[in-house]
Every structure is written in C-alpha cells, then in structure tokens.
Amino acid sequence: MAIKDRKERDKLDRQKLIIASATKLFLEQGYDKTSIRNIADDIEYSPATIYLYFKEKDEIFFIIHEQGFALLHQEFQPLLEIANSLERLHALGSTYINFALNNPDYYDLMFIMRAPLGQIACHDKWDAGDHAFQFLLNTVQECLDQKLIVPGDVNVIAVTVWSFAHGLVSLHIRERFKSMGIGSDSDGEILKHAMNYFIKNLAH
73 MAIKDRKERD
83 KLDRQKLIIA
93 SATKLFLEQG
103 YDKTSIRNIA
113 DDIEYSPATI
123 YLYFKEKDEI
133 FFIIHEQGFA
143 LLHQEFQPLL
153 EIANSLERLH
163 ALGSTYINFA
173 LNNPDYYDLM
183 FIMRAPLGQI
193 ACHDKWDAGD
203 HAFQFLLNTV
213 QECLDQKLIV
223 PGDVNVIAVT
233 VWSFAHGLVS
243 LHIRERFKSM
253 GIGSDSDGEI
263 LKHAMNYFIK
273 NLAH
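Take 73 as the starting number for the sequence shown in the working numbering and just add one per residue.
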C-alpha cells in the first residue's frame, strides 16, 4: 500500500474513532457537557489532535446527524417498489418506527437531544435531512394526486404525519408508555398499530 493511501486510511480511522467517542459522550453527558477535551481524554488523544480533524464540537455533531439521516434515507429506498402510494405511506410509517427502535442512539441524537446546529446554518441546504423529508413529501403528494387521502396542503399533511410518528417514537424511547403500562413490547407493535390507525383516518 502506498504511503499516501495508508495516511488517508489512518486519517479516516482516526475520524471514525473521534466520531464514535463523541457519539457515546453526547448520549451519556448531553451536548452541553461534552467538550473537545472530554472526547480527547476518552480516546487518549490530545485536544490539539482532535482539532486537526474537526474545527469544533458542532461539526462533529453535524456529521453524526448526516450519518443518521443518510441511514434513514437508505432504509426508505426499498419502499419505492410499492406502487400504491397509500400503501407506501403505511410502509413509510412502519419503516420510520423500525429505524428508531433499531437505532435509538442515532434517533436520540437526530431528533430528541437539544443541541445547536450551527453547521446546518452554514449550508444553503441540509441535504441529508431534506432527502428523508422529501421522500415523505413526495409520497403524500402522490396520495393527494390520486385522491387516496383527504385533500389538504401537502406540507401540512407531511409535517403532521412526521410529527405523529415522532411523538410515538419519542414516548416509546423515553419509556413514557412503559411507565404507564402501555405498549411495553420491545418491538413497538402498538406504535405501528397507532401509526396505521392515524394514516387510515387520512384516507377517503
């Protein structure tokens, strides 16, 4: 292996190690209490070494977001094979819930944890997040075009569907349902039933 290739691989390995450590610390301590020094101490690097790869903590957090949304969008891709848009909307809700249950740490960092996202403001468009939402938006628009759901503004309907799914998942992840004796199942079947019930009520 050429020296240049080995250096590039080493750089990527260090970046992955830093991101993995940051993810763990963000979840354990929260965004505000996690510092570049904390991350450096966790992997036995100097803070100066971290700054060789990332200019600030917010950049690391943004990359974790990007990875999470890219993974979510990847989960959506097989749903394009579903020709009926209303059936696809049902499948989209189940897939979103499954993603959250299978990746609770990512979901927490992506949607629940409070943290500034200055890096998003630095970009004209947040591609990873936009791709995931656009998939939902396009599916809702197809449902409207085919008169499969009650008429309304496509953005309002898409945001409502997303908000309902997010509310279910957040209550489940934070064990609010469990504490009330509701939906203690780990596979989240009650969440999927609730999601399907909600979407059925959008249909004509």
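Don't be surprised by glycine CBs; every beta carbon is placed ideally from N, CA and C.
Q: Assign A275 to one of three DSSP states: helix, strand, or coil.
A: If DSSP states are grouped into helix, strand and coil, A275 belongs with the strands.
Q | Cβ contact (3+ pairs, closer than 8 angstroms) linking the stretch 123–138 and the stretch 151–170 | A | Because the criterion of three Cβ pairs below 8 angstroms is not met, the stretch 123–138 and the stretch 151–170 do not touch.
**Q.** Own chain residues within Cβ distance below 7 angstroms of Y119, not counting five before or after
**A.** Reading the sequence as shown, one finds Pro at residue 119 and not Tyr. The residues I108, R109, A112, in chain order, have a CB closer than 7 angstroms to that of P119 in the same chain once the five nearest residues on each side in sequence are set aside.
Q. Is it the case that the Cβ atoms of L181 and V212 are separated by a distance below 8 angstroms?
A. Cβ atoms of L181 and V212: not closer than 8 angstroms.
Q) Going straight from the alpha carbon of A155 to that of L208, what length do you get? A) One C-alpha to the other measures close to 15 angstroms.
**Q.** Closest residue to L220 among K272, L99, R248 (Cα-Cα distance)
**A.** That would be K272, whose Cα lies nearest to the Cα of L220.
Q. Got a sec: does the ligand MG put a non-hydrogen atom nearer than 7 angstroms to the Cβ of K250?
A. Absence of the ligand MG is noted for the structure shown, with no ligands found whatsoever.
Q: Look up I221 in the DSSP assignment and give the residues it is bridged to.
A: Per DSSP, A275.
Q) Can you tell me whether DSSP reads R160 as helix, strand or coil? A) DSSP places R160 in the helix class (H, G or I) of the three-state scheme.
Q: May I ask you to report which of helix, strand or coil DSSP gives N175?
A: Coil, per DSSP.
Q) What's the C-alpha gap between G253 and E247? A) Approximately 10 angstroms between the Cα atoms of the pair.
Q. Under three-state DSSP, which class holds F126?
A. Of the three classes helix, strand and coil, the one that applies to F126 here is coil, per DSSP.
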